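J.:
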Amino acid sequence: MIPEPKLFVAKPAAELQLIVMHPHVVVQGDFMLLFSRQGKLRLQKWYVAHSDKVKKKITRELITTILSRKPKMCSFLEWKDCTIVYKRYASLYFCCAIEQNDNELLTLEVIHRYVELLDKYFGSVCELDIIFNFEKAYFILDELLVGGEIQETSKKNVLKAIAAQDVLQEQKELEC
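With our numbering as the guide, the letters of the sequence shown map in order to residues 2 to 177.
#1: Relative to the C-alpha of residue 50, which candidate in 30, 92, 111 has its C-alpha closest?
#2: Note the first and the last residue of the continuous alpha helix (DSSP H) segment covering residue 139.
#3: Per DSSP, residue 86 forms a beta bridge with which residues?
#4: Can you give me the C-alpha to C-alpha distance between residue 22 and residue 173, rounded to a whole angstrom?
#5: What's the gap between the Cα of residue 82 and the Cα of residue 169?
#6: Assuming residue 115 and residue 78 are in contact, meaning their beta carbons sit under 8 Å apart, how far apart are those beta carbons, in whole angstroms?
#7: Check this for me: beta carbons of residue 111 and residue 119, under 8 Å apart or not?
#8: Measure the alpha-carbon distance for residue 130 versus residue 107 and round it to whole angstroms.
#9: Which partner residues of residue 124 appear in the DSSP bridge assignment?
#10: Determine, using beta-carbon pairs with one atom in the segment 32-40 and one in the segment 55-64, whether at least three such pairs fall under 8 Å.
#11: When the Cα of residue 72 is compared with those of 155, 133, 91, which residue comes out closest?
#12: Are there 16 or more other CB atoms within 10 angstroms of the CB of residue 148, so buried, or fewer, so exposed?
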């Protein structure tokens with residue numbers, strides 16, 4: 002007999018049933034930000050249209066709020082009409098805004114998957130890799146997420162697509 006899967010999700014019981022019945026849970030992200038401990042923005046990807054002025058205001062507010070939080074505090078916070086999910090890896094903070102009814106733990110997994118992909122590609126990624134190879138960081142993110150939703154869960158498939166893109170880029174450079 003196959004044991005029932007255990008769910009360790011901090012959600013009300015009604016939502017847990019929804020997660021069990023629908024294995025293809027979609028997280029709709031509004032944006033993803035990467036910033037340093039010093040508050041320098043390193044990468045931003047917006048999935049909802051905002052003016053540049055609003056983007057700067059949101060970015061400034063969130064960076065200030067997250068950097069002022071103690072390390073032992075929860076990685077989820079209610080902010081305006083969305084939920085902010087963030088995680089610190091070394092000197093970089095990875096921050097996502099999701100709708101309030103989305104699964105925060107799944108969003109943490111998406112962040113972790115992105116960090117794993119960056120690690121595989123760069124070989125132990127650091128802030129300088131993001132600064133000097135930002136186009137690759139964006140490309141990896143675009144292979145993982147499209148429109149703020151998970152496109153590909155397989156690290157292997159994402160890395161294959163990145164390797165194919167690298168080969169194409171090298172061929173173009175040789176032609177010039």
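Note that the Cβ used here is the ideal one computed from N, Cα and C, for glycine as well. No experiment lies behind these values; they were computed from the predicted model shown.
T.: For this structure:
#1: By one-based count along the sequence shown, residue 50 stands at place 49. It is 30 whose Cα lies nearest to the Cα of residue 50.
#2: Residue mapping note: residue 139 aligns to position 138 of the sequence shown, counting from 1. Unbroken alpha helix (DSSP H) run through residue 139: 135-145.
#3: The count along the sequence shown starts at 1 and reaches residue 86 at position 85. The bridge partners DSSP lists for residue 86 are 77, 97.
#4: Locating residue 22 in the sequence shown gives position 21, counting from the first residue. Locating residue 173 in the sequence shown gives position 172, counting from the first residue. Its pLDDT being 34, under 50, residue 22 is placed unreliably in this model, and the value from its coordinates should be taken loosely. Those two C-alpha atoms are separated by around 47 Å.
#5: Position 81 of the sequence shown holds residue 82. Position 168 of the sequence shown holds residue 169. Here the alpha carbon of residue 82 sits roughly 42 Å from the alpha carbon of residue 169.
#6: Looking up residue 115 in the sequence shown gives position 114. Looking up residue 78 in the sequence shown gives position 77. Between residue 115 and residue 78 the beta-carbon gap is near 20 Å, outside 8 Å, which marks them as no contact.
#7: Here residue 111 is taken as the residue at index 110 of the sequence shown, counted from 1. Here residue 119 is taken as the residue at index 118 of the sequence shown, counted from 1. One thing to note: residue 111 has its Cβ no nearer than 8 Å to the Cβ of residue 119.
#8: Sequence index remark: in the sequence shown, residue 130 carries index 129 (1-based). Sequence index remark: in the sequence shown, residue 107 carries index 106 (1-based). So the alpha carbons of these two residues sit roughly 26 Å apart.
#9: In the sequence shown, counting from the first residue as 1, residue 124 sits at position 123. Residue pairing by DSSP places residue 124 in no beta bridge whatsoever.
#10: The segment 32-40 is in contact with the segment 55-64.
#11: Looking up residue 72 in the sequence shown gives position 71. Residue 91 is the option with its Cα nearest to residue 72.
#12: Numbered from its first residue, the sequence shown carries residue 148 at position 147. Answer is exposed; the Cβ neighbour count stays below 16.
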